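To start, the structure itself, in structure tokens.
Numbering (the numbering used here), first residue to last: 8 to 237.
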């Protein structure tokens, strides 16, 4: 992650940089529930007004840089030959043992998708910024691909659904704010035309109950893709 940080340093605006550092330090994994931590970050972003929006834009772009760094690292480690750290590289890596696959939840840089990214997306949905449309599109492609390929025993974490839906809402708001009609991304068109669903983990219960519940709790990725295209 240090290499990613070097390529994508903090915000150039000093006030936004100070805010980002505070959000990293004060809202760490394990200090509270995912929702409470994200809500705390969102409150601080809102209260900072324009500085908060600048910080939110940086968090979105840094989250994309971090995901790509994870992909690039494991591509080099495993010899995957995809030209870029994109969804196609994720697909190639998905057939390898779990310990050789990228971890997009890596928060070594202090920015966690379930906390800081979700909060930034919520802010930018309410205050759309056209300059993040491309980053949101790329993040959405990566997270949709990762979720489609995720075959963990008990299903995907409910917070993963919150992240995906936040990405879609923010993507739509930012795209509309741009004032220019964009061509529908191929990955969304393709996914919307297939039937793809994932089991949702029933957290907190015994393994037998979690396994049973996951058979009936499913989340449709193709329906989400259709929403993103509206």
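All C-beta atoms in this analysis are idealised placements derived from N, C-alpha and C, irrespective of residue type, glycine included.
Note that the coordinates shown come from a computational prediction; the quantities given were computed from them, not determined experimentally.
Residue environment, residue i, which counts as buried when at least 16 other CB atoms sit within 10 Å
i           : result
residue 193 : exposed
residue 215 : Because residue 215 carries a pLDDT of 45, less than 50, the predicted location of this residue cannot be relied on, and the following value inherits that uncertainty. By the neighbour-count rule (16 or more Cβ atoms within 10 Å), residue 215 is not buried but exposed.
residue 236 : exposed
residue 33  : exposed
residue 196 : exposed
residue 54  : exposed
residue 189 : exposed
residue 106 : exposed
Length of the line joining the Cα atoms of residue i and residue j
i           : j           : result
residue 101 : residue 82  : 11 Å
residue 95  : residue 233 : 21 Å
residue 162 : residue 140 : 29 Å
residue 21  : residue 59  : 12 Å
residue 229 : residue 198 : 5 Å
residue 120 : residue 84  : 24 Å
residue 19  : residue 38  : 28 Å
residue 68  : residue 202 : 30 Å
residue 142 : residue 44  : 23 Å
residue 157 : residue 89  : 19 Å
residue 76  : residue 87  : 14 Å
residue 144 : residue 138 : 11 Å
residue 174 : residue 41  : 17 Å
residue 131 : residue 64  : 8 Å
residue 36  : residue 28  : 15 Å
residue 129 : residue 186 : 20 Å
residue 24  : residue 71  : 18 Å
residue 26  : residue 153 : 30 Å
residue 164 : residue 184 : 31 Å
residue 50  : residue 111 : 25 Å
DSSP bridge partner residues for residue i (one or two, in chain order)
i           : result
residue 226 : 205
residue 163 : 207
Range of the contiguous alpha helix (DSSP H) that encloses residue i
i           : result
residue 95  : 94-100
residue 148 : 140-156
residue 37  : Premise fails: residue 37 is in no alpha helix (DSSP H) and is neither H nor E.
residue 137 : No alpha helix (DSSP H) holds residue 137; DSSP gives it neither H nor E.
residue 78  : 57-85
residue 125 : 125-133
residue 195 : 193-199
Cβ distance (whole Å) where residue i is taken to contact residue j below 8 Å
i           : j           : result
residue 74  : residue 146 : 7 Å
residue 206 : residue 182 : Contact flag wrong, Cβ pair sits at about 30 Å.
residue 127 : residue 168 : Incorrect: roughly 18 Å between the Cβ atoms, too far for contact.
residue 231 : residue 172 : 7 Å
residue 117 : residue 179 : Not really, about 28 Å apart at Cβ, beyond 8 Å.
residue 78  : residue 109 : 5 Å
residue 125 : residue 170 : 6 Å
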